[in-house]
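The sequence shown begins at 1 in UniProt numbering and counts up one residue at a time.
All C-beta atoms in this analysis are idealised placements derived from N, C-alpha and C, irrespective of residue type, glycine included.
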Amino acid sequence: MRNSITTTLFPALAAVALAISPAAAQHQHGEGEHQHKGSEKSDASMDMPGHHMKDGMPHFMNEGEHATAVEAALTSYAAAAAENSVEGMAAHVLQTDDFTIIEGSHPNWGWVDYRDNHLVPEFESEDITINAYAYDDFRISATPMIAYATFKIALEATVRGEDVERKRMGTAILIRTPEGWKIRHLHTS
């Protein structure tokens with residue numbers, strides 16, 4: 001299982017790290033400013049609509065159609081969690097062993113592990129009732145293929161008869177699939 005994580009998650013993280021190099025991080029622009037003087041696409045696989053290159057590396061966009069779609073996917077995922085809907089949450093994640101999640105300090109490796117050993121027992125527990133769960137204040141960087149996001153998390157729940165309210169932070173890595181943007185990795189703490 002760990003080899004699967006090493007071979008699937010780390011390359012995605014490496015792509016993110018390369019894409020946010022100081023050169024790429026210094027160059028920000030809005031929609032409509034798609035030409036980079038002196039910048040040439042170095043790989044035919046990168047020649048796709050909406051993909052931007054800067055100094056030969058993928059250039060992440062902070063706005064536009066991909067960032068908007070990523071925010072929608074994460075917002076819908078959180079709304080499904082607020083409704084205790086495992087099926088609704090599943091619609092927004094990779095339902096494979098490639099999905100990873102860390103809540104606080106507890107990891108789950110793969111969708112089945114998270115669904116069966118975390119979500120279902122929590123949603124069926126009489127000790128926990130989720131009253132509200134939402135993500136907001138997004139910071140999203142996206143190419144047409146991969147995106148990462150940070151966001152604030154607001155949780156209101158009743159735990160063993162006591163009302164609790166928590167403000168947390170989250171980080172997500174998403175990939176674009178033929179079915180739309182899917183969460184590959186989620187860290188909430």
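Open item on the list: Within a Cβ cutoff of 7 Å, which residues of the same chain sit near K37, ignoring the five residues on either side of it in sequence?
Closed with: Reliability fails at K37, whose pLDDT of 39 lies under 50, so the model's placement of it is uncertain and the value that follows must be treated cautiously. So the list is empty, once near-sequence residues are dropped.
Task: Simplified DSSP assignment, three categories, for R115 - done: Residue state for R115 is assigned as helix, using DSSP reduced to three classes.
Task: Run of the beta strand (DSSP E) containing T171, from where it starts to where it stops - done: In the DSSP annotation of this structure, the continuous segment of the beta strand (DSSP E) that includes T171 starts and ends at E162 to T177.
- [ ] Pair every Cβ in the region 72 to 89 with every Cβ in the region 124 to 141, then say whether three or more of these pairs are closer than 8 Å.
- [x] Flag = yes, the region 72 to 89 and the region 124 to 141 touch.
Open item on the list: Three Cβ pairs or more, each shorter than 8 Å: is that satisfied between the region 156 to 164 and the region 84 to 100?
Closed with: Contact between the region 156 to 164 and the region 84 to 100 is absent, because fewer than three Cβ pairs lie under 8 Å.
- [ ] Kindly identify the DSSP beta-bridge partner or partners of D127.
- [x] Answer is none; D127 lacks a bridge partner.
Open item on the list: Taking a contact to mean a Cβ-Cβ separation below 8 Å, would you say T171 touches Y148 in this structure?
Closed with: Against a cut-off of 8 Å, the Cβ pair of Y148 and T171 comes out as a contact.
Open item on the list: With H, G and I counted as helix, E and B as strand and the rest as coil, what does DSSP make of A82?
Closed with: Looking at A82 - three-state DSSP - the assignment turns out to be helix.
Open item on the list: Just to confirm my understanding: we take E103, look at its own chain, exclude 5 residues before and 5 after, and list those with CB closer than 7 Å. What are they?
Closed with: These residues qualify, in order along the chain: T188.
Open item on the list: Does the contact criterion of 3 or more C-beta pairs under 8 Å hold for the region 91 to 98 versus the region 107 to 116?
Closed with: Flag = yes, the region 91 to 98 and the region 107 to 116 touch.
Task: Selected residue, minimal CA-CA separation from A67, among H106, T150, E179 and V159 - done: The residue with the shortest Cα to Cα distance from A67 is T150.
Task: Nearest candidate by alpha-carbon position, reference M169, set H92, I146 and L186 - done: Looking at the Cα atoms, L186 is the closest of the given residues.
Open item on the list: Measuring alpha carbon to alpha carbon, tell me which residue in E124, R176, D116 and L119 is nearest A142.
Closed with: Selected option, being the one with the closest Cα: R176.
Open item on the list: Using only the alpha-carbon positions, how far apart do R139 and V70 sit?
Closed with: Straight-line Cα distance between these residues: approximately 10 Å.
Open item on the list: Pull the bridge partners of G180 from the DSSP assignment, please.
Closed with: G180 pairs with T177.
Task: Short Cβ contact (8 Å threshold) for H92 with K182 - done: Yes. Within cutoff.
Open item on the list: Do A73 and L174 have their beta-carbon atoms positioned less than 8 Å apart in this structure?
Closed with: The answer is yes: Cβ separation under 8 Å.
TODO: State yes or no: is the C-beta of K167 within less than 8 Å of the C-beta of A157?
DONE: Taking a C-beta distance under 8 Å as the contact criterion, K167 and A157 do not qualify as a contact pair.
Open item on the list: Within a Cβ cutoff of 8 Å, which residues of the same chain sit near N117, ignoring the five residues on either side of it in sequence?
Closed with: Excluding residues within five positions, the ones whose Cβ falls inside 8 Å are N108.
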